[in-house]
Structure formats: structure tokens, C-alpha cells
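Protein chains in written order, with my numbering: chain A, 5 to 423; chain B, 5 to 423.
Cβ coordinates follow ideal geometry from the N, Cα and C atoms, glycine included.
A short write-up of the structure that comes next.
2 protein chains.
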Amino acid sequence: MPELVGNVLVGQSGGPTSVINASIAGVVTEALNHSCVEEIYGCLNGVLGILQEDFIDLASESQQAIRGLRHTPGAALGTCRYKLKKQQDFDRVLEVFKAHNIRYFFYAGGNDSQDTADKISKLAQQQNYDLRVIGIPKTIDNDLPVTDHTPGYGSVIKYICTTIREISCDNAAMGQNDLVQIVEVMGRSAGWIAAGASLAKRRDHPNDPPHLIFLPEVAFSVDKFVAEVKRVLAREKFCSIVVGEGLVDADGNYIAASTKTDAFGHAQLGGAGAYLQSLVEQHLPGIKARVVSLGMAQRAAAHCSSKADNDEAFLAGQAAVRAAVLEAETDKMVTLVRGNTDHYTCETGLAPLAEIANGVKKLPREWINEDGVSMNYQFVRYAQPLIQGEVAMPFENGLPLMAHLEKSRVDKLLTPYEL
Amino acid sequence: MPELVGNVLVGQSGGPTSVINASIAGVVTEALNHSCVEEIYGCLNGVLGILQEDFIDLASESQQAIRGLRHTPGAALGTCRYKLKKQQDFDRVLEVFKAHNIRYFFYAGGNDSQDTADKISKLAQQQNYDLRVIGIPKTIDNDLPVTDHTPGYGSVIKYICTTIREISCDNAAMGQNDLVQIVEVMGRSAGWIAAGASLAKRRDHPNDPPHLIFLPEVAFSVDKFVAEVKRVLAREKFCSIVVGEGLVDADGNYIAASTKTDAFGHAQLGGAGAYLQSLVEQHLPGIKARVVSLGMAQRAAAHCSSKADNDEAFLAGQAAVRAAVLEAETDKMVTLVRGNTDHYTCETGLAPLAEIANGVKKLPREWINEDGVSMNYQFVRYAQPLIQGEVAMPFENGLPLMAHLEKSRVDKLLTPYEL
């Protein structure tokens, strides 16, 4: 293998997950093992940090801080939703890479971020600049193709299932066949997250909550909703509902996708949860509906993250470095590959960035039961291993202790760039 | 002390907390120590269970189940918001107590429940029926008088602070002086819960989130709200806001309240978060506002409960039994008494039920800073000890394991009662 001597740059992009920082810890930990790596830089706020040369020296951070990243939510390097558009932007990226002798670029993100990484990689090849680009999968949405699942997904569904188990104890105490508990979860275009809530059911207890799961994969019907709630409340003290934010009607239009205000400034119906609550109030007199809207909390809940997920996020970071340094791989994303055995195992693989950037992994329709509001055993078998194990979160003075990076700045070498 | 031989009845009332079941575990554990206690019954669904003779045999539950109550949220015996109104209801209670030789009645709940317990106690005295009634404090609202604080409060604020610390990592990665993160928490008439969120700030980091806390104790003004958010966003990447559901305007009217009331005539609140979000959208163009509405999740989050709180809830249950059995006390509620030392200690005391039933502990105005949107050190000194320590939640197959009671029914001895 040709040894490529130079510097590492790692960045994060898009919405954080509770384990994306574990991937950064994996990159830094592995990069330190290789003598061809001279410096390990982090770019602040994704590609914005590249354009503006906002680099920090990750090798100078304490071991405690890097280890602390494994239980620190958010994106420690900052993130952005800025999309490289103009050719000028891409040229600037290469200019900055050359100035700082960046030879290894690792980018943790979802579809858009892998697309960005792909374009940077292709441009470097065109310009004969020796650069190895490896993407690291990241998204609570679990919608990246090729990879069996994405780091971030296991933790978000573990937290949601924990919340549902706990709320259901409260609901069981309060409900008298008259209580609807709605939990609104993320997931714009696919129901992976809402589907994951089905793991809250104990094995062989099909009547456990959640009783109804509304997914964007199944067209929503008011009549069916009302009938399903009635059916559950005839049997149970309460009806536990999980709804993804991306609910769509039979024409494929989003239902209650945004929050708006009327002319008087009063809040109108919020998201999907508030919408379902309004349906209960409208169509089911005497029934109370309560909404929990977890919002950002679900993708930041490091205190309740999955050890399997956390370990795999770290592993994906390590694998990215090894692929680039040892195998001279580039223009690929690390994938998670499930072993073909009854006992769950997970290794890493590689897939072309272009394949990731242009694809979406859909929730298989055959994993949704005929009723359209629950998941079958195929799904449970897929998702159950992803929530296993707990991460030992350090607490100080009664609260979780987060890693704080020193963020020692790398000197800028170029003239400032106008965005 | 006169020994009173007979049966114990314990019940739960009102909204659950994540530690109310620990109090039941305390009652059962302690009651087993006293030979004058013949049977230990639990009444299902609070006073409804008394009226309908829905009793279960708690002494026959496994030790594992009783111990499991210490980390099981909700109210394991069920609860109710039914209010004993008619004299006939009270007469029925006494009739049931006499039929089952109930000589010790322990009732875990808030103001309304202690009022109910007081009335039952007074009626027994009038009828010369030897009954010892001891209330066990319970409410996340922390608004019971006399007692230093209430079991349930420490855990709810520990969970909220954990959530704020975590979300803030996400907000810090995403915000570019343009993000408002609103966390809506419970708290009908007092700001105890919202105030507790201030513990999320690290010591000596006054600019840590949450940046603004809106309490029912401070009249809400739209102009001030907008000005405060602008002030924070001029300095910080994001503005972290905590708002209690019981926000009031300068005239003392609830903001964002629906017209509904519960069985006790309390306004059903909700929507303060969505209301603030609408204000941001209206008055601060270009600023994004996101809402997390924790709802029931906050009072059910046993996986993130405070060990100090859990231990005190258990202790309160034990103390109730000891007061009744060993001290022949009745018509009292167990209180938590803070030691007069720098190092936090907590013992139990007793206060007349009537005093609890008719009082409300307000959040001291002098613990709120002049700015009206943050808490001072007096509050921190008060609340900090209540969130200390973590409860080792058992997990199975990736999710918290809840206690399941067998609920062996006690034979009914009377004719059914018409509610």
C-alpha cells in the first residue's frame, strides 16, 4: 500500500445524534496509531469550517476529553446545514486542504453530507490532489442505503422505548378506558423511528403499549384512526400511540407538518401529535388525549443511549481511518454489516459514496403488519439487537458530565473567504 | 403506647411521580416488622378502591416485586382523581374499613389527597372507630406546606436538568445566534419545577443554559419576552427557555389555557411552549423556535430519578407506619425535615393533615433574581441536594424492567356501592 503522509481532518454535519461524537472519538483514537498521520484536525461547523479555515487541533485535546466524547451528545465540533453549491465553494475546499496538507478527510453525516464528501473526493481526483475521503454514517433516521443500519438509530429508539415503558406505567395508573397518550417522534420521510417504538412491547405481550403506531409509509385516514382508538380503549385502560412527524394522507401530502399562528398570534395545531390530539377531542367525546413531544431530546439523550450503538459509532470512526490509511481507500462510506448468524454480530464494510448519496433505505412494507399500525417479528428481529446494553454515563453533582473540548485553534493560512 | 391490632390499607392518589411506588415499598417493608399488623392491603385506584372494596394483598407479593417498586414509575396500585363528596361516600369508607378491620390507613398524595385523608380521619374519630391515618407526601409540584420538599420533586427536576444539558449540546452544535429552544414543563400554580431547571447551569457558569425561565410567579409580558430573547441571542448561539405550563399575565389570567377543568375544578393547562414558539415566529423573523414538551415523561422518568429523592420517598413510607404503629399518631402527614447543617441531611417529622390540606407552599419570590427569569443561589442551595445520586435501574433486553404486582384480590365483604 502506498503510504500517504499528511494531516487528518474530521468534521460533522447535519443534525446531531447522541453517538456522533463517539465516531469522532473513534477517528482520533485510531489516527493516533498511524505514523503517516502528522496532525489531527477537526473542522468546526462542518463544511463552513473548511471554507473559513476554522480548524482545531484534536491531537492536543486531553485523553479524558476524547474519551468523554463517547457519552457527550450534540456535535462537539459543531455542525451546519450549509450546502456547498458554487464551484467556487468546492475550489475553496481544495485550496484549504492543500494549504493545510489535509490528506485524509473523514465526514460524519447523512445522505447530504455523504454527497458533499463525494463531490470533494471527485474534485480532488480531477485535480490530481492525493486525498482520501471516507464518510462515516450518522443519522437517527436510519435511512442510509447499503449499511445495515446507521449509528444513532439504536440510541434514539432505545430512549423512545424507555420513555414509552415509563409513561405507560403512569397511563395505566390514570386511565379508565378514557385516556389517549400520544408520543410524537422524529422521522420526516420514513417511519424507522416510530417503528422502533414497537420494541417497547415485551415479548409475547402483543397488547403491551404502544398500541398504535402511525407511520408515513401507511396513508393516514381519520376514520381508521378513530376506529383503531375505539378498538383499543374497549380493551385497555389507555391507548398508547406513537406518531412520526412525517404523517401523510392518501395523496401523499404532509399532515400538520408545521406550526403556524393565526392573525392573533395564537398557536394553531402544532405537529402530528397535536393533530391527533385534536382528532380525539373532535371525534371521541369524553376521551382525554395527552401529548409528549420529545423533539431534540430524543436525539440528544446520551444518558439513555444504546451501548451497541455507541460501540458501533466508535467502530465506524476507527474503520474509516483504517480504510484510508491502511487500505488506501477513498470515496467510500463505512457501512455496518450484520453477521449472518442467529447471534447478532456487526462488522464494518465500505460502499461508494455516490451510492449512499443517491439512495434512501425505506422501511420494508412487509415488516409492517396487515393492520398498518404495528410491526411484525421481522422488524423486531432487525431492531432488537440495536438497543442492547447501557452506556455508563458519568454524573457529577447529580447531573451528566459532558466533555468540553479545549478547541485550540489551528493558524489560518489563507485570506478570508466570502460565503 | 396502646397497641392497635388490625390491618393496614395503603393507597395512592392524584398524578403519579417516578418515586411514589418507593413510598409504597417503604410502607410494606416497615409494616412487615410489626406484629400488631395482621394484613397489608393495597386499595386499587385510590378512594375508588375503598368505595368498591377493590383491595389487593400486598403481603403476598414477592420480595422481588416490592423491591422492584423502587424503580417502577406510575402508581402501581392505580390512582384516581375522584373526590369524595357526599356524606354517603365518607360513610361508605368507614363501613368498608370496619368490615375489613382496617386500623391503619396510609395515603400517598398531594393537597387534595391529604384533605381526603383528613376527612376520613375526622369521621372515624366522630364515630369512635379506632383508626390511625397518616398521609405520605407526594407531588412533583413541591407545593405542600410544612414539609421542606416533597418526594417526586427531586426526580422530576433531575430529569429536566439532564434533558436540558443534553439538548443544549445539540443546540450549541446547530445554533448560529438564531435558535430558540423551548422546554415546556409541568407546574400548575407554582414555578417549582421550572425553577428547578436552573440547576442545569454549572456552578460559576451563569451563561450556561437554561438562559430564561418563565415562572407563574412573574407576570408574563410579551415585550419583555421578546427583549430577553434578543438579549440572549446577541450573546449566545442559542437561547434556551424553560416555561411552566401555568404561565399567567399581569391580570393573573392563565396564558394558553384551555377551557377544560379536571374533577377538582383545576384548569387543564398545556400549550405554553407552543405559545412562546408562536411569539418567536411573530416577533423575531429569521429566528427558529423548537419546542420539547415533556408531558407525562417527566413524572415517569424512573430511569433518571434522583437517589436522594427515591430514598426519601421510601423513608416517608416507613416513617408513616412507624408513626402510626409505634407513636399512635393519626391525622398527620409525614414531612421531610432538612437538617440545620451545611452538609444536607433529611429526617422525617409530622404535621396535621388539615394544615397540609389547606396550605400551599409558594416558591419564595426572593429566590428569583431581579431579572425575573433566573434563580439565585438561595434556590440552588435549596434544590441542589434533592437531585443527588442515581438509581441503578435494572435493564433487560435493552429496556428498563418494571415490577409487576400479582394483585391477589381480597374478598369483598359488602354489597356493591353505587358511585
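Anticipated Cβ contact below 8 Å, residue i with residue j, distance rounded
i, j, result
"A:His215", "A:Cys243", "5 Å"
"A:Glu188", "A:Val295", "6 Å"
"B:Val457", "B:His38", "Outside the shown range of chain B, which is 5 to 423, sits residue 457 of chain B, and nothing can be said about it."
"B:Val325", "B:Ala35", "5 Å"
"B:Ser22", "B:Ser297", "About 18 Å; that fails the 8 Å criterion."
"A:Gly46", "A:Val14", "6 Å"
"B:Asn11", "B:Ile106", "5 Å"
"A:Gln118", "A:Leu357", "5 Å"
"B:Glu170", "B:Gly195", "Incorrect: roughly 22 Å between the Cβ atoms, too far for contact."
"B:Ala79", "B:Pro141", "Not a contact, Cβ separation roughly 14 Å."
"B:Thr83", "B:Ser17", "5 Å"
"A:Gln322", "A:Gly139", "Their Cβ separation, rounded to whole angstroms, is 14 Å, which puts A:Gln322 and A:Gly139 out of contact at 8 Å."
DSSP beta-bridge partners of residue i
i, result
"B:Lys336", "B:Ile138, B:Pro356"
"B:Arg235", "In the DSSP output, where bridge partners are listed per residue, B:Arg235 has none listed."
"B:Met379", "B:Ile372"
"A:Gln16", "A:Ala112"
"B:Arg303", "Note: B:Arg303 sits in no beta bridge, so no partner."
"A:Glu188", "A:Val247, A:Ser297"
"B:Ile60", "B:Gly46, B:Arg413"
"A:Glu394", "A:Ser310"
"B:Arg207", "According to DSSP, B:Arg207 bridges with nothing at all."
"A:Pro404", "A:Phe399"
"B:Phe101", "BP columns for B:Phe101 are empty, so no partner."
"A:Tyr258", "A:Val252"
"B:Gly10", "B:Val41"
"A:Val341", "A:Glu351"
"A:Phe218", "A:Val247"
"B:Ile425", "Residue 425 of chain B lies beyond the residue range present for chain B, which begins at 5 and ends at 423; the question has no answer from this structure."
"B:Phe242", "B:Leu183"
"A:Lys292", "A:Leu183"
Neighbouring residues, chain A, relative to residue i (Cβ below 9 Å)
i, result
"B:Gly393", "Phe399, Gly402"
"B:Lys1", "Because chain B is modelled from 5 through 423, residue 1 of chain B falls outside the range shown and cannot be assessed."
"B:Arg326", "Result: empty, since nearest Cβ-Cβ is about 26 Å, beyond 9 Å."
"B:Ala204", "Leu403"
Best match in the options for proximity to residue i [C-alpha to C-alpha]
i, options, result
"B:Leu288", "B:Val246, B:Gly179, B:Val230, B:Pro389", "B:Val230"
"B:Pro398", "B:Asn37, B:Leu418, B:Arg74", "B:Arg74"
"B:Gly250", "B:Ala204, B:Arg192, B:Gln67, B:Asn257", "B:Arg192"
"B:Leu237", "B:Gly179, B:Leu81, B:Gln302, B:Arg206", "B:Gly179"
"A:Gly158", "A:Glu370, A:Asn314, A:Thr339, A:Leu280", "A:Asn314"
"A:Ala320", "A:Glu240, A:Thr143, A:Gly18, A:Leu403", "A:Thr143"
"A:Leu340", "A:Ala128, A:Asn146, A:Lys87", "A:Asn146"
"A:Asp182", "A:Arg85, A:Ala293, A:Gln68", "A:Ala293"
"B:Pro367", "B:Ile54, B:Val97, B:Thr76, B:Leu148", "The sequence as given places Leu at residue 367 of chain B; Pro does not occur at that position. The shortest C-alpha separation from B:Leu367 is found at B:Leu148."
"A:Leu135", "A:Thr154, A:Tyr163, A:Leu98", "A:Leu98"
"A:Asp375", "A:Thr151, A:Ala254, A:Ile217, A:Gly299", "A:Ile217"
"A:Lys336", "A:Glu57, A:Tyr386, A:Cys84, A:Thr151", "A:Thr151"
"A:Glu285", "A:Leu405, A:Glu333, A:Ile186", "A:Ile186"
"A:Phe109", "A:Gly343, A:Ile44, A:Leu418", "A:Ile44"
Chain-ordered chain B contacts of residue i [CB-CB under 7 Å]
i, result
"A:Pro77", "Glu170, Cys173, Asp174"
"A:Thr83", "Ala177, Met178"
"A:Met406", "Arg169, Cys173"
"A:Cys308", "His307"
Listed by chain order, chain B residues near residue i by CB distance under 9 Å
i, result
"A:Met379", "Simply none; closest approach about 15 Å."
"A:Gln185", "Gly299, Met300"
Neighbouring residues, chain A, relative to residue i (Cβ below 7 Å)
i, result
"B:Cys165", "Leu403"
Chain D contact residues for residue i, given Cβ-Cβ distances below 9 Å
i, result
"B:Pro20", "Within the model displayed, chain D is absent; protein chains A and B are what it includes."
8 Å Cβ cut-off: residues of chain B touching residue i
i, result
"A:Arg303", "Asp174"
| Short-range partners of chain A found in the region 289 to 301 of chain B, where Cβ spacing is below 8 Å | Within the region 289 to 301 of chain B, the residues whose Cβ lies closer than 8 Å to some Cβ of chain A are Arg294, Val295, Val296, Ser297, Leu298, Gly299, Met300, Ala301, listed in chain order.
| Interfacial residues, the region 234 to 255 of chain A to chain B, with Cβ spacing under 7 Å | Against chain B - using a Cβ distance shorter than 7 Å - the region 234 to 255 of chain A contributes no residues.
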